[in-house]
Structures are given as structure tokens and as C-alpha cells.
Amino acid sequence: MLRTRVMAAVAGVVLLAGTPAWADNNGNSGNSGSGVPDDQPLPGYTVNNPPLPPLVIGGQPTKVLQGIRQHAAYIIEVPAKWNGRLAMWAHGFRGNGKVLTVDTPPFGLRGQMLSEGYAWAASSYYDNDYDVRAGVITTHDLAQRFSTLVARPKQVLIAGASMGGHVIGRSLEQYPGFYDGALPMCGVLGDQDLFDYFLSYQLTAQALAGIRAYPPPPDYLPTIVPRIQDTLGLTKLVPGGPDTVTDRGAQFRAVTTELSGGPRPGATPAFAVWKDFLFNLAAPVPPNSSLARDPIQVATNLFTRYRPNSPVDLNREVQRVAPRDWLSRLSPALTAVPKIAGRPMVPVLTLHGLGDMFVPFAMEQDYRADAARNGQTRFVVQRAIRTAGHCEFSDKEAGAAWNDLVAWVDHGRKPAGDVIDDRSAVAAPDFGCRFTDKSAYNGPGTRKLFPACP
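Using mature numbering (1 follows the signal peptide of the UniProt record, and there is no 0), the letters of the sequence shown correspond one by one to residues -23 to -1, 1 to 431.
Here it is as C-alpha cells:
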């Protein structure tokens, strides 16, 4: 009853507030009225976009175009034998620096796209921080600008990683019919739930350690976190090392496993990989920071039910936190941390590391549930990769996903994927083996934290 009343009251505020003044119904504008010329970065920002040497494809060099558009740097690359198709690349979180940079498609995708006749283009976005709105707007604008600079493409695909997956998920819904298919990798497809997860990590650790410290005080990282880790037996826990956790530490690890995707291969060593990093995400930020600078403003655990709930009754003992920015939490508008409804309407093929606990595997399950609620799962194929790193894919894994997406878009052949919404299937010892590159097992990275696939 309390939840219903709170949600109804806040929904009323959202309806009365309407769309924020900085965005029209398509999410455009954002920077209008800044007084800064379109071909210059916004105040406080600089651009680092050095000349990109062209690749030689089929014996002929590509054509590379670079510049600034919508206050964002961009790169466009077109092969001599262009097939008339365009691939947009959406980059991940840049941090809070003030230098705008552009990524080329990683995982060997730049060369693969060009060799297959695709042109590609990528924007720096006009803002760093966690600003999905900037990514959605500038990526779409650059795709439109491509028609003027090169020619009108007959097909536009979009690929990206990490926060770029959030950009992709919202872009498909912000501009329905514009993109023909999508390849989000290690993506934040669960939108605001990512920040709920970060919040719960801090609050459950504090509750189990008997230390209440939220909001995080200035000495949280240097003083309080070491006390929490020592109490839970995490201080000396390392991947592949002895299990040092206390009973309460074991409950904390199990709770984190549940929040990040449920029991699955590699979850125990993956926790040891990520345990320190996740505490660092609670570093205090300057007061009155923007939503993009402080996205935890939308986070809540008011309605989260934790499991396992023993030996400590977390659902009774944990501190409950409401969003500091209810309006952005519930608004359907294109904000810096917008919702993804789960209505892709075009083929979406995803890759995600099974042991990734930064942008956890649960993001895929959230997106699947949203798509199922909207009757859109026919447009979604998801693949688990047996790695614990964030965006830790081999060229072979990413290249196969790209080729399968292209075949799906061009010929309607829906590719195979993993069943990620079946708890017993995800917990099976060989889950994730189907699409994991077995030849990469002996290479660098975290793959050896998982038993070798048959």
C-alpha cells in the first residue's frame, strides 16, 4: 500500500512537470541557447581527435572524415567499395574528465566492417560523465549528417559497449524506425537498475558489517570500507586464492551474486575480482552535482527483496534509501540516465560477460524481462561469454555476433542465443560455453577463472 501511494504521488508530479525544458519530444535541443558555435565544444571541454590513418581495404585506402558537430567530435570512415550501409559506434563511460575523444570500433570490428563494405561513424558525445542523453542525440545527429557528408545510407546499424549499450537501448526507442539493427555489448540495458545495484552493494555490505555509513562520508573509502571488508573477511580475498570470507561475508557474496544475475559459473571468483572496485563507486561527489555527474541520484532499494536472507535478516536490517531525484527516476523523457522500455522493434543481438559485476549480467535479464512484458522477445537474442572482466570479448566472439546480426537484418534469419531467463539453465556448469571462444581460453584475462568448456 505504501509503495502504491508513493508511486502514484510521484507519477502525478511527473505528469504535471511534463517533458523537461531542455528536450523536445525527440530528445533534441539539449544545448540550444548555449551561445557556443556548433563546431566547437561546450565551455570547459576540449577535443582530442588526432588524424586517423586510413586502413587499406582491398588494396585501396579508406576515406576518413573528422570534425566537430553538435559540440561533439566525430570520425567517419568509408571504404572505397562502400556497400551503401552505415554502422554507428556508441562508446562507453568516459569518466568525469573534460577532454572529448572518439573511439574506433574495437574487437577487430573496424577492419571487419570496412572489409565487408560498411562505412562506420562514431561521436565523442558533447559531454562526458554518465550522459546517455548526449550519446543518443549526437549519435543520431551524426548518422543524419552522414547523408550530407557522404551519401544517404540504405541501412543504419548501431553497435556499442558498456554505457554505449544504454545509448543503444534508448536510441532504438527514441528514434523508432531509424536504426535497422543493434549490437550492444556488455551494455547497460537494465538502465537505472544498474545504479540500484551499486547502491545495494554498499547498503548490504554496511548492514552485514554492522556499520551504517550512507550517504558515504568523506572518509568512506580510506576509513570505513577497510573496516567493512575486514569484518566480512574480504581484505585478503583474491581470485583463485583461499576463501577468507566470514559467515556474513559469505552472505554478502551470495547476495551480490543474486543481484548480478543469480548463481552461475564463475560467480565466486568473479566476486573476488570486483569486490574492491564496487566499493570505489561510492566515492563522495561534489554537492549539487548534475544527474550525469552523480547518477546514483536515481537509485533506490525501497522495494528490493534481498536473498539469501540469513544469517542476517537483511530485508529488515538494511537501510532503505529513496531516490534523491524522483522526477528523473520516473520520467519517460530522455534524461542523462533514461529508462529503456524494452521495445526494440528491430533485431538486437547482445554479448555479455557472465562474471562481469561492474555492468552485471543481470542487465541482460532485465532487458529480456522488459521485452517479454512488451511482447518483443522475437527481436532479442542474447549470448553469455565466460569472462569476468568488463567488455572482455575476443575478436572472434564480437565478429561472429556482428555477422549474425547482419544476416538477421538482411535475410531475416534469427540467430541462436542463450536462455538467460531460466535460473536452472544459467546455473548449469557449462552455461556460456556455446558462444565463448574456446581458442581464447589460454590467453590473457579472466577466462581461466572458469573451467574450460568441453
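Using N, Cα and C, we set each Cβ at its ideal position, and we do this for glycine too.
It should be emphasised that the depicted structure is a prediction, and the values quoted were computed from it without experimental measurement.
Taking residue i and residue j to be in contact with their CB atoms under 8 Å, please state how far apart those CB atoms are, rounded to whole angstroms.
i: Cys368; j: Ala182; result: Incorrect: roughly 25 Å between the Cβ atoms, too far for contact.
i: Pro298; j: Leu180; result: With the sequence shown as reference, residue 298 is identified as Val, and Pro is not the correct amino acid for it. Their Cβ separation, rounded to whole angstroms, is 7 Å, which keeps Val298 and Leu180 in contact under 8 Å.
i: Ala98; j: Ala128; result: 13 Å between Cβ atoms; not a contact.
i: Ser177; j: Thr281; result: 6 Å
i: Leu32; j: Leu91; result: 6 Å
i: Val144; j: Leu311; result: The Cβ separation is near 11 Å, so there is no contact.
i: Val79; j: Ile52; result: 5 Å
i: Ala318; j: Asp347; result: 6 Å
i: Gly366; j: Gly422; result: 6 Å
i: Asn278; j: Asp173; result: 6 Å
Suppose contacts are defined by Cβ-Cβ distances below 8 Å. Is residue i in contact with residue j by that definition?
i: Ala67; j: Gly141; result: yes
i: Pro242; j: Pro406; result: yes
i: Val325; j: Pro161; result: yes
i: Gln228; j: Val295; result: no
i: Arg355; j: Arg424; result: no
i: Ala57; j: Gln37; result: yes
i: Pro195; j: Pro263; result: no
i: Gly85; j: Ala375; result: yes
i: Thr115; j: Ala49; result: yes
i: Arg350; j: Gln359; result: no
i: Gly238; j: Val403; result: yes
i: Glu150; j: Ala96; result: no
i: Leu331; j: Gly409; result: yes
i: Thr245; j: Met334; result: no
i: Leu171; j: Val357; result: no
i: Leu426; j: Ala247; result: yes
Taking DSSP's pairing of strands, which residues face residue i in a bridge?
i: Thr23; result: Val76
i: Ala361; result: His329
i: Gly44; result: Tyr51
i: Ile34; result: Gln37
i: Trp66; result: Ala99 and Ala136
i: Ala375; result: Its beta-bridge partners do not exist; DSSP assigns none.
i: Gly187; result: Beta-bridge pairing links Gly187 to no other residue.
i: residue 478; result: Absent from the model: residue 478. The displayed extent of the chain is -23 to 431, so no value can be given.
Note down, in chain order, each residue of its chain lying with its Cβ closer than 6 Å to the Cβ of residue i, except the 5 sequence neighbours on either side.
i: Asn3; result: A caution first: Asn3 carries a pLDDT of 36, below 50, which makes its placement in the model unreliable, though a value can still be read off. If we look at Asn3 and ignore the five residues flanking it on each side, it has no Cβ neighbours.
i: Lys373; result: Asp414
i: Ser101; result: Ala49, Ala50, Leu77, Thr78 and Val79
What residues in its chain sit with their C-beta under 8 Å from that of residue i, if we drop five residues either side in the sequence?
i: Pro28; result: Val41 and Gln43
i: Ile188; result: Ile201, Arg204, Ile205 and Thr208
i: Phe256; result: Tyr178, Gln179, Ala182, Leu198, Val202, Ile205 and Gln206
i: Ala(-7); result: At Ala(-7) the pLDDT is 29, less than 50, meaning the model places this residue with poor confidence; the figure from the coordinates comes in the next sentence. So the list reads Leu304 and Ser308, once near-sequence residues are dropped.
Below 7 Å CB to CB, which residues in the same chain sit around residue i once its five sequence neighbours on both sides are set aside?
i: Ala249; result: Leu214, Val215 and Pro216
i: Pro20; result: Val13
i: Lys316; result: Asp168, Gln169 and Pro309
i: Tyr107; result: Phe70, Met140, Ala269, Pro272, Ala313 and Val314
i: Asn292; result: Arg282, Tyr283 and Asn286
i: Arg122; result: Arg46
i: Ala378; result: Leu160, Leu326, Leu328 and Arg360
i: Gly72; result: Asn105
i: Ser9; result: Below a pLDDT of 50, predicted positions are generally treated as unreliable, and Ser9, at 48, falls in that range; the measurement from the model is reported next regardless. Cβ within range, chain order: n/a, list empty.
i: Lys252; result: Leu211 and Leu214
i: Asp381; result: Leu326 and Pro392
- Task: Would you mind listing the alpha helix (DSSP H) stretches within the stretch 83 to 152 that are 4+ residues and don't spill past its ends, in chain order?
- Result: 86 to 92, 109 to 126 and 140 to 151
- Query: Can you give, in chain order, each stretch of the alpha helix (DSSP H) that sits fully within the stretch 214 to 276 and has at least 4 residues?
  - Reply: 224 to 236 and 244 to 257
- In chain order, which continuous runs of the alpha helix (DSSP H) of length 4 or greater are located wholly inside the stretch 297 to 328? Correct list: 303 to 307.
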